[in-house]
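A.B. asks: So the protein sequences, as listed, match chains A and B.
Add 990 to the 1-based position in the first sequence for my numbering, that's all there is to it.
Add 1 to the 1-based position in the second sequence for my numbering, that's all there is to it.
Don't be surprised by glycine CBs; every beta carbon is placed ideally from N, CA and C.
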Amino acid sequence: MRRILVGLKRVIDHGVRVHLRPDGSGVVTDGVKMSLNPFCEIALEEALRIREASRADEVVAVSLGPAEVEQQLRQALAMGADRAIRIEAEGALEPLTVARSLLAVAEREQPFLILLGKQAIDSDNNQTGQILAGLWGRPQATFASEIRLGESTVTVAREIDQGIEVLELDLPAVVTADLRLNEPRYVKLPQLLKAKKLPIETLTLTGLGIEPESQFRVIETTPPPSRTAGIRVESVDELVAILDERGLIP
Amino acid sequence: MTRVLVIAEHDDAELAPATLNVIGALRALAPQGVDVAVLAAGGESVARSAARIGGVGRVRLLARVENSPCLAAVWASQVAELASEYTHVLAPATTFGKDLIPRAAALRGAGALSDIVAIDGPYRFRRPVYAGNAIVTVEADPERTVFATVRPTAFSAPADEADAPIEALTLDVELPAHTRFVERRGDHRTGPDLQTASTVVVGGRGLGGPAGVALIEGLAARLGAAVGASRAAVDSGWMPNELQVGQTGKIVAPGLYLGIGVSGAIQHLTGIRDAGTIVAINKDAQAPICAAADIVLVADLFTAVPELVDRLDRRGAS
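Structure, rendered in structure tokens:
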């Protein structure tokens, strides 16, 4: 069985403007629309395309969190994932804990490829894939914009600061998805309804032998420095005059 | 006592400027000097450059043929080995540092901090979350080595010089062979580096195609500015990915930012919020960038940009 494991995270929807709690304890999540992290969705889409091209037999979606996370796992099933696993966990988890949990699942499922999003749009860490690959002792390719599977290798184009870098990795490997890897499919209502009836396997951190730890303690969450209101100019001459006055142009 | 190691980003010939900003950020934590690790195939010239940066106490040169070109899996084993001597191991929050640091941390059973924008104490840092819409203050466990990436635009490069010793080092570490470099494709454009330029000209969907791109390139050349792109301009295939500015591209903090035909999606605004002055030229007064900009000119870019270049030319001539 050639299996791909995909890690998924439930986050505040990317279209929602986040509001901070006034006491600095974090962001308001009550009554806020939650979604699959966009980069995770791209990772899942890629896994499905690989399976549809008959390069894999099964796509297994995994997420950590409370029961609500099943909404996102059901979306993954509706998109086409073959199985879904939820690892019961509460509160904010550090990437190290998430990576250890995914590794425990990988040891059980023996995937030839693990696909993750490059980062979650809430904590913006961009770490889980790299930590997982390090703990697993397997290759990593982050920021993937193209994935080509060979027999025992995968060739990945990565979007790096200098352009595109292409790496060849021995399988099994961890690849994290960037924006331009693909455009995820739309899920139609009948598929969503059908996915509601599908089983989701539930595991626990304790069952996996994982002790969640907190190496970094969040003291407070504050708004970013605000910018002053701007002005409107009516002509290029006026713009040049202001930039000149501020010493910003040669 | 803190002992700080910065991993140099370089291309085997030159030190990447972002490394200097990281050293600038960390020197306050290292009164005895920041150590800089240069992992390279040769690396002597990079090591010499690093040794001259103010705040550097020692350069440790790990020359091994496998170190070039940089592969995170190959470097991480060595960085993890070196880390046992340090309280802090840091790299720039570029695609290089983001790829390397978490893997090195994992090899020591630790997690990492991403994208530090302020240092309040040896174990107290601030970093952005939610695309920069919130800043968290985080305290790290002082019992463990802090692995972190540092946002280069949030800190200044040291202005002074040093003359630090260079120590050649051999580590008995087995390097993985499971990852192979195939090729690197870059645009190799000339002009200032996007992440350190004092002026940045960014084009968006409004450019409409190559003709619009040529216009902003002309403006950038006239201003001595770096050229950037919005996600829309990259997705349309008009500009290469490495020019993308925003949450998932490059974070920039120039003195002057000019957004030309850029609508200003939140992911883009996140990448420019630390710019000194934000100028938007857009024909749509309702575009989000117009609410975020310091100076807005509502105009058709195809007339406004040539007019702007013309005014700048005339100033130069007078």
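#1: Where does TYR131 of chain B fall in DSSP's three states?
#2: Output the distance between the C-alpha atoms of PRO103 of chain B and ILE1121 of chain A, rounded to the nearest integer angstrom.
#3: With a threshold of 16 other CB atoms inside 10 Å of the CB of ILE1221 of chain A, please say whether the residue is buried or exposed.
#4: Check whether the stretch 207-220 of chain B and the stretch 298-315 of chain B touch, using three or more Cβ-Cβ pairs below 8 Å as the test.
#5: Does the CB of ASP13 of chain B have a neighbour CB from chain A at under 9 Å?
#6: With respect to 8 Å, is the separation between the Cβ of ALA73 of chain B and the closest non-hydrogen atom of the ligand HEM below this value?
#7: Taking the alpha-carbon of VAL39 of chain B as reference, which of B:ARG186, B:ARG61, B:ALA19, B:PRO32 has the nearest alpha-carbon?
#8: Note down the Cα distance separating ALA42 of chain B from ASN283 of chain B, rounded to an integer number of angstroms.
#9: Quick one: does ALA1094 of chain A have its CB under 9 Å from some CB of chain B?
#10: Using a threshold of 9 Å, state whether the C-beta atoms of ILE1 of chain B and ILE273 of chain B are closer than that.
#11: With a threshold of 9 Å between beta carbons, is ARG1175 of chain A in contact with chain B?
#12: According to DSSP, which residues form a beta bridge with THR146 of chain B?
#13: When DSSP labels each residue in this structure, what does PHE156 of chain B get in the three-state scheme?
#14: With three or more C-beta pairs closer than 8 Å as the rule, is the stretch 1114-1133 of chain A touching the stretch 65-83 of chain B?
#15: 9 Å is my cut-off, CB to CB: does PHE97 of chain B come that close to chain A?
#16: Pull out every residue of the stretch 1215-1230 of chain A whose Cβ sits closer than 9 Å to any Cβ of chain B, in chain order.
#17: Just reading off the beta strand (DSSP E) that HIS89 of chain B is part of, what are its end residues?
#18: How far does the alpha helix (DSSP H) with ASN22 of chain B in it extend, from its first residue to its last?
#19: Using only alpha-carbon positions, find the residue among B:ALA77, B:THR20, B:GLU218 that is nearest to THR200 of chain B.
#20: To the nearest angstrom, how far is the alpha carbon of GLY1199 of chain A from that of LEU998 of chain A?
#21: Using beta carbons (cut-off 9 Å, strictly below), is SER1135 of chain A in contact with chain B?
#22: I'd like to know whether the C-beta of GLU82 of chain B is nearer than 9 Å to at least one C-beta of chain A.
#23: Counting contacts by CB-CB distance shorter than 9 Å, is PRO1085 of chain A in contact with chain B?
#24: Please classify THR1212 of chain A as buried or exposed, where buried requires at least 16 neighbouring CB atoms within 10 angstroms.
#25: Among B:ASN22, B:LEU30, B:ALA51, whose alpha-carbon lies nearest the alpha-carbon of ALA14 of chain B?
#26: May I ask you to list the residues that DSSP assigns as paired with ILE1 of chain B?
#27: Provide the residue span of the alpha helix (DSSP H) that contains THR271 of chain B, from first to last.
#28: Within this structure, are the beta carbons of GLN1181 of chain A and MET1024 of chain A separated by less than 9 Å?
#29: By Cβ distance, which residues of its chain are closer than 7 Å to ARG1128 of chain A, with the 5 residues on each side in sequence left out?
#30: Less than 9 Å between the beta carbons of ALA149 of chain B and PHE126 of chain B, yes or no?
#31: I'd like the ranges of any beta strand (DSSP E) spanning at least 3 consecutive residues and lying wholly in the stretch 152-223 of chain B.
#32: Determine, for PRO289 of chain B, whether the minimum Cβ-Cβ distance to residues of chain A falls below 9 Å.
#33: Could you check which residue in A:LEU1233, A:GLU1158, A:VAL1177, A:LYS1186 has the C-alpha nearest to that of GLU184 of chain B?
#34: Against chain B, does LEU1026 of chain A count as a neighbour if the rule is that its beta carbon must be under 9 Å from one of theirs?
#35: In the DSSP assignment, find the alpha helix (DSSP H) that holds GLU45 of chain B and state where it starts and stops.
C.D. replies: Let's see:
#1: Locating residue 131 of chain B in the second sequence gives position 130, counting from the first residue. Looking at TYR131 of chain B - three-state DSSP - the assignment turns out to be helix.
#2: Counting from one through the second sequence, the residue named residue 103 of chain B turns up at place 102. Counting from one through the first sequence, the residue named residue 1121 of chain A turns up at place 131. Their backbone Cα atoms lie some 5 Å apart in a straight line.
#3: On the first sequence, position 231 is the one that residue 1221 of chain A refers to. Here ILE1221 of chain A is exposed: its Cβ has fewer than 16 other Cβ atoms, across all protein chains shown, within 10 Å.
#4: yes
#5: As a first step, residue 13 of chain B is located in the second sequence; it is residue number 12 there, counting from the start. Chain A, which has no Cβ nearer than 9 Å to the Cβ of ASP13 of chain B, makes this no.
#6: Summarising the ligand content, the structure contains no ligands, and the ligand HEM is consequently not present.
#7: Here the question's residue 39 of chain B lines up with position 38 in the second sequence. Taking only the C-alpha atoms, the option nearest VAL39 of chain B is B:ARG61.
#8: Here the question's residue 42 of chain B lines up with position 41 in the second sequence. Here the question's residue 283 of chain B lines up with position 282 in the second sequence. Answer to the nearest angstrom: the Cα atoms are 48 Å apart.
#9: The residue you call residue 1094 of chain A lines up with position 104 of the first sequence. No, its Cβ sits nowhere closer than 9 Å to a Cβ of chain B.
#10: Only positions 2 to 319 of chain B appear in this structure, which leaves residue 1 of chain B out of reach.
#11: Position 185 of the first sequence, counting from 1, holds the residue named residue 1175 of chain A. Not a single C-beta of chain B is nearer than 9 Å to the C-beta of ARG1175 of chain A.
#12: Position 145 of the second sequence, counting from 1, holds the residue named residue 146 of chain B. Note: THR146 of chain B sits in no beta bridge, so no partner.
#13: Counting from 1 along the second sequence, the entry for residue 156 of chain B is found at position 155. Reduced to three states, the DSSP call for PHE156 of chain B is coil.
#14: Counting C-beta pairs closer than 8 Å gives three or more between the stretch 65-83 of chain B and the stretch 1114-1133 of chain A, which meets the contact rule.
#15: Along the second sequence, read from residue 1 onward, the residue named residue 97 of chain B stands at position 96. Yes, its Cβ sits closer than 9 Å to a Cβ of chain A.
#16: PRO1215, ARG1217, THR1218, ALA1219, GLY1220, ILE1221, ARG1222, VAL1223, GLU1224, SER1225, VAL1226, ASP1227, GLU1228, LEU1229, VAL1230
#17: Indexing the second sequence from 1 puts residue 89 of chain B at position 88. Taken as a continuous stretch (DSSP letters only), the beta strand (DSSP E) holding HIS89 of chain B covers 89-93.
#18: Here residue 22 of chain B refers to the residue found at position 21 when the second sequence is read from its first residue. Counting along the chain, the alpha helix (DSSP H) containing ASN22 of chain B begins and ends at 18-27.
#19: Within the second sequence, the letter at position 199 stands for residue 200 of chain B. Comparing Cα-Cα distances from THR200 of chain B to each of B:ALA77, B:THR20, B:GLU218, the minimum goes to B:GLU218.
#20: Locating residue 1199 of chain A in the first sequence gives position 209, counting from the first residue. Locating residue 998 of chain A in the first sequence gives position 8, counting from the first residue. Each residue's Cα considered, the two are about 20 Å apart.
#21: Within the first sequence, residue 1135 of chain A is the residue found at index 145, counting from 1. At a cut-off of 9 Å between C-beta atoms, SER1135 of chain A counts as an interface residue with respect to chain B.
#22: For the purposes of this step, residue 82 of chain B is identified with residue 81 of the second sequence, where counting begins at 1. No, because no Cβ of chain A sits closer than 9 Å to the Cβ of GLU82 of chain B.
#23: Taking the first residue of the first sequence as 1, we reach residue 1085 of chain A at position 95. Taking Cβ atoms only, chain B reaches closer than 9 Å to PRO1085 of chain A, which makes this a yes.
#24: In the first sequence, counting from the first residue as 1, residue 1212 of chain A sits at position 222. Exposed, since its Cβ has fewer than 16 Cβ neighbours within 10 Å.
#25: In the second sequence, residue 14 of chain B corresponds to position 13, counting from 1. Among B:ASN22, B:LEU30, B:ALA51, the Cα nearest to that of ALA14 of chain B belongs to B:ALA51.
#26: Nothing in the structure corresponds to residue 1 of chain B, since chain B is present only between 2 and 319.
#27: Sequence index remark: in the second sequence, residue 271 of chain B carries index 270 (1-based). Note, THR271 of chain B: alpha helix (DSSP H), 267-271.
#28: Residue 1181 of chain A sits at position 191 when you count from the first residue of the first sequence. Residue 1024 of chain A sits at position 34 when you count from the first residue of the first sequence. No.
#29: Position 138 of the first sequence, counting from 1, holds the residue named residue 1128 of chain A. Excluding residues within five positions, the ones whose Cβ falls inside 7 Å are PRO1162, ALA1163, VAL1164.
#30: Mapped onto the second sequence, residue 149 of chain B falls at position 148. Mapped onto the second sequence, residue 126 of chain B falls at position 125. Their beta carbons are under 9 Å apart, which means ALA149 of chain B touches PHE126 of chain B by this criterion.
#31: With a minimum length of 3 residues, the continuous beta strand (DSSP E) runs that stay inside the stretch 152-223 of chain B are 167-169, 180-186, 200-204.
#32: Mapped onto the second sequence, residue 289 of chain B falls at position 288. Output row for PRO289 of chain B: interface = no.
#33: To locate residue 184 of chain B, count along the second sequence from 1; it is residue 183. Per the Cα distances, A:GLU1158.
#34: By one-based count along the first sequence, residue 1026 of chain A stands at place 36. No, its Cβ sits nowhere closer than 9 Å to a Cβ of chain B.
#35: The sequence position of residue 45 of chain B within the second sequence is 44, counting from 1. From DSSP, the alpha helix (DSSP H) with GLU45 of chain B extends over 45-52.
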